[in-house]
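Input: a single structure, listed below in structure tokens.
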Amino acid sequence: MDSGSQEMRRLAYLDALGVDTYVSREQLPGAAPTRRLAIVPPAHPVQPAGRPESTAQPATPPMPRLNADQAARSSQPDSGVGVTAVTPAASVDVPRFSLAAIEAGNWLWVEELAGMPLTTEQVQLVKSMAGALGHAEGAVESAPGQPQVQQFDWPMHSNQQLDQGEASARAAVAGFIGRKLDESGCRGLVMLGGGSAQRLPDLGFRTVKIESSAELLQRPDLKPAAWRALLTLVSAA
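Heads up: the sequence shown is residues 1 to 237, going by full-length UniProt numbering.
Printed below as a string of structure tokens:
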């Protein structure tokens with residue numbers, strides 16, 4: 001194969017790859033001599049070696065452009081053709097919180113945690129209030145045993161395919177607290193702080209709402225009002 005045919009084949013390869021080829025008009029200083037060939041383009045495109053010439057139409061015809069009206073009409077499904085519409089899942093705000101359920105005396109005490117677990121002082125305060133309630137009820141043992149603390153965290157999993165919204169969170173909290181009340185045999189529920197009251201719907205048990213244990217420790221002047229509210233549990237017994 002002569003040099004002219006080789007150059008034609010090289011240019012055909014470059015053209016098939018979409019690579020533009022350039023030749024300097026004059027000899028560049030310090031560069032190797034440029035081989036200038038008078039190449040006449042063939043009547044038909046030169047096919048690369050080993051690939052038969054194809055006479056078929058392009059596999060993907062150009063997409064026609066649609067104006068706004070045509071696009072709107074084309075988006076409507078044909079009544080004669082079954083189309084399955086895929087609706088993207090709506091973004092739902094996922095509440096994130098933790099609750100502490102404390103079994104002390106004959107009552108279940110629930111408090112929302114502010115990013116930290118209950119301190120020893122908070123648990124001891126709940127134990128003291130439970131003991132005072134037991135004494136008001138005439139219980140022989142006015143000082144209950146060590147409170148049992150269990151934590152509930154929401155969301156309970158990281159699966160984004162499952163509902164983690166506010167309604168599901170309230171249902172999960174209701175199930176958790178309901179099981180604790182049934183299993184422990186507690187006679188009622190004490191909601192410590194406004195956060196826990198917002199998380200839990202009415203379960204049909206005797207319920208009282210007082211300030212959180214953290215607030216009662218920070219502000220002892222709130223304790224008399226909290227105690228009066230707790231006494232309603234005894235009077236309703």
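We put the CB at the ideal spot given by N, CA and C, even for glycine.
Asked                                                                                                          : Found
C-alpha gap between residue 221 and residue 192, whole angstroms                                               : 16 Å
Beta-carbon spacing of residue 234, residue 125 below 9 Å                                                      : no
C-alpha gap between residue 128 and residue 168, whole angstroms                                               : 34 Å
Residue of 108, 156 and 118 minimising C-alpha distance to residue 184                                         : 108
Nearest-angstrom Cα separation, counted from residue 111 out to residue 226                                    : 14 Å
Distance between residue 18 and residue 242 (C-alpha atoms, nearest Å)                                         : Only positions 1 to 237 of the chain appear in this structure, which leaves residue 242 out of reach.
8 Å contact criterion, which residue 215 and residue 148 should meet: CB distance rounded                      : Wrong, their Cβ atoms sit about 23 Å apart, outside the cutoff.
Contact set for residue 189: own chain, Cβ-Cβ below 6 Å, skip 5 residues either direction                      : 108, 205 and 207
Those runs of the beta strand (DSSP E) which lie wholly inside the region 156-187 and span at least 3 residues : none
Residue 154 vs residue 172 beta-carbon contact at 9 Å                                                          : yes
Residue 195 versus residue 156: straight-line alpha-carbon distance, rounded                                   : 18 Å
Distance between residue 159 and residue 11 (C-alpha atoms, nearest Å)                                         : 56 Å
DSSP three-state assignment for residue 15, whether helix, strand or coil                                      : helix
Backbone secondary structure at residue 231 - three-state DSSP                                                 : helix
Rounded straight-line distance, which links the Cα of residue 164 to that of residue 16                        : 54 Å
Beta-carbon proximity check, residue 98 vs residue 151, cutoff 9 Å                                             : yes
Residue of 212, 178, 230 and 162 minimising C-alpha distance to residue 118                                    : 212
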